[in-house]
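Numbering (the numbering used here), first residue to last: 957 to 1208.
Written out as structure tokens, the structure is:
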């Protein structure tokens, strides 16, 4: 292992109070690391009472999977953006309120899970994650989404359940690969007309919001198979027409 990564592992050992064991493979609920040709490729520090990460975390330049679930992290170092090989970032069940702008440098990232934190919002640089396929922001305190969210052309799953969203940006129409959009348990008052441009969308969950009517543009969603809305909208004109088009309308 090169000197830089050896030093980074030593810094992590200082934070943890113990060494990180080698493993053949790992997942989100593991404590250990996987290395290949002397470089760390997978790192999982699940449930280790971590309150911070050393700046040297960014020195694992071959790291592809990073799992930091069930810790006490309140922020991420700017150096997290140096993990240019990262494909999976798992941060569920921490106390993170703000993401550094450098998160947008993780352009190979495919899966981002940061549910059950205290996120207040997302940086505009989130729109740089051009390879992102699955994004889980559930159970946070997010009030708005940046317009740049529409740049995520590869995104297939967007989970924003149980936040404090009031509106969605019109630029959401740019999510041309989106198949699942989970928005229930927010404060959304209406959907932008541009949601009708999500031509890959199959599942839409918008129940438990403040929505009283559905935009007619939802009828343009040719791939939509199921939509979840509130029981109070049983007589909504668009909901009835969706059902007539063979789409399963769930009143919950």
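We treat Cβ as the ideally placed atom computed from N, Cα and C, and that holds for glycine.
Next on the checklist: I want to know whether the region 1018 to 1037 touches the region 964 to 980 - three or more CB-CB distances under 8 Å.
Outcome noted: No: fewer than three Cβ pairs fall under 8 Å.
Checklist entry - Is it buried or exposed for residue 1204, if we count other Cβ within 10 angstroms and need 16 for buried? => result Position 248 of the chain shown, counting from 1, holds the residue named residue 1204. Counting every other CB atom within 10 Å of its CB across the protein chains shown gives residue 1204 a total below 16, marking it as exposed.
Checklist entry - From which residue to which residue does the alpha helix (DSSP H) around residue 1020 run? => result Position 64 of the chain shown, counted from the start, is the residue given in the question as residue 1020. Counting along the chain, residue 1020 falls outside any alpha helix (DSSP H), and DSSP gives it neither H nor E.
Item to check | Distance between residue 1036 and residue 1105 (C-alpha atoms, nearest Å) | outcome: Counting from 1 along the chain shown, the entry for residue 1105 is found at position 149. Counting from 1 along the chain shown, the entry for residue 1036 is found at position 80. Near 20 Å, if we compare the C-alpha coordinates of residue 1036 and residue 1105.
Item to check | Close Cβ partners of residue 1143 (< 8 Å) along its chain, the five nearest in sequence each way excluded | outcome: Translated into the one-based positions of the chain shown, residue 1143 becomes position 187. If we look at residue 1143 and ignore the five residues flanking it on each side, its Cβ neighbours are 1120, 1121, 1122, 1165, 1166.
Checklist entry - Would the beta-carbon of residue 1177 be found less than 8 Å away from any heavy atom of the ligand GTP? => result Of ligands this structure carries none, so the ligand GTP is not represented either.
Checklist entry - Taking the DSSP output, what are the residues bridged to residue 1113? => result For the purposes of this step, residue 1113 is taken as residue 157 along the chain shown, with counting starting at 1. Beta-bridge pairing links residue 1113 to 1090, 1136.
Checklist entry - Quick one: Cα of residue 1196 to Cα of residue 1044, how far? => result Start at 1 with the first residue of the chain shown, and residue 1196 comes out as number 240. Start at 1 with the first residue of the chain shown, and residue 1044 comes out as number 88. When rounded, the distance between both Cα atoms is 40 Å.
Checklist entry - Looking at residue 1118 and residue 1141, is the spacing between their C-beta atoms short of 9 Å? => result On the chain shown, position 185 is the one that residue 1141 refers to. On the chain shown, position 162 is the one that residue 1118 refers to. Yes, Cβ-Cβ distance for residue 1141 and residue 1118 is below 9 Å.
Checklist entry - Which of the three DSSP states, helix, strand or coil, is assigned to residue 995? => result To locate residue 995, count along the chain shown from 1; it is residue 39. DSSP places residue 995 in strand when its eight states are reduced to three.
Item to check | Candidates 1208, 1064, 1162, of which the one nearest residue 1147 by Cα | outcome: As a position in the chain shown, residue 1147 is number 191, starting the count at 1. With distances taken between Cα atoms, residue 1147 lies closest to 1162.
Next on the checklist: For residue 1041, which residues in the same chain have their Cβ closer than 7 Å to its Cβ, ignoring the five residues on either side in sequence?
Outcome noted: For the purposes of this step, residue 1041 is taken as residue 85 along the chain shown, with counting starting at 1. Here the set comprises 1017, 1018, 1019, 1020, 1064.
Checklist entry - At a Cβ threshold of 9 Å, is residue 1107 touching chain C? => result Given the protein chain composition of this structure (a single chain), no chain C is represented.
Checklist entry - In or out: residue 994 buried (at least 16 other Cβ within 10 Å) or exposed? => result Taking the first residue of the chain shown as 1, we reach residue 994 at position 38. Residue 994 comes out exposed.
Checklist entry - What separation, rounded to the nearest whole angstrom, lies between the Cα atoms of residue 1027 and residue 1183? => result Taking the chain shown and counting its residues from 1, one reaches residue 1027 at position 71. Taking the chain shown and counting its residues from 1, one reaches residue 1183 at position 227. Taking the straight line from one Cα to the other gives about 35 Å.
Checklist entry - Out of curiosity, what's the CA-to-CA distance linking residue 1025 and residue 1093? => result Locating residue 1025 in the chain shown gives position 69, where the first residue counts as 1. Locating residue 1093 in the chain shown gives position 137, where the first residue counts as 1. Each residue's alpha carbon lies about 14 Å from the other.
Next on the checklist: My assumption, with CB atoms under 8 Å, is that residue 1078 sits in contact with residue 1098. Please give the rounded CB distance.
Outcome noted: Locating residue 1078 in the chain shown gives position 122, where the first residue counts as 1. Locating residue 1098 in the chain shown gives position 142, where the first residue counts as 1. Contact holds; Cβ gap of about 7 Å.
Item to check | Cβ-Cβ separation, residue 1091 to residue 1115 (assumed contact under 8 Å), whole Å | outcome: As a working note, residue 1115 is residue 159 in the chain shown. As a working note, residue 1091 is residue 135 in the chain shown. Their Cβ separation, rounded to whole angstroms, is 7 Å, which keeps residue 1115 and residue 1091 in contact under 8 Å.
Checklist entry - Which residues does DSSP pair with residue 1159 in a beta bridge? => result Here residue 1159 is taken as the residue at index 203 of the chain shown, counted from 1. The partner list for residue 1159 (beta bridge, DSSP) reads 1136, 1182.
Checklist entry - Could you give the distance in angstroms between the alpha-carbon of residue 1066 and the alpha-carbon of residue 1189? => result Indexing the chain shown from 1 puts residue 1066 at position 110. Indexing the chain shown from 1 puts residue 1189 at position 233. Cα to Cα, the separation comes out at about 36 Å.
Checklist entry - Tell me which same chain residues have a C-beta within less than 8 Å of the C-beta of residue 1001, skipping the five on either side of it? => result On the chain shown, residue 1001 is found 45 positions in, with the first residue counted as 1. Around residue 1001: 968, 972, 976, 987, 1023, 1024, 1027.
Checklist entry - Taking the alpha-carbon positions, what's the residue 965 to residue 1130 distance? => result Counted from its first residue, the chain shown places residue 965 at position 9. Counted from its first residue, the chain shown places residue 1130 at position 174. The alpha-carbon atoms of residue 965 and residue 1130 are separated by roughly 40 Å.
Checklist entry - If you scan the region 1023 to 1096 from start to end, which runs of the beta strand (DSSP E) of 3 or more residues do you find wholly inside it? => result 1044 to 1046, 1067 to 1069, 1090 to 1092
Checklist entry - What are the residues that DSSP puts in a beta bridge with residue 1001? => result Along the chain shown, one-based indexing puts residue 1001 at 45. DSSP, once it has assigned bridges, lists 987 as partnering residue 1001.
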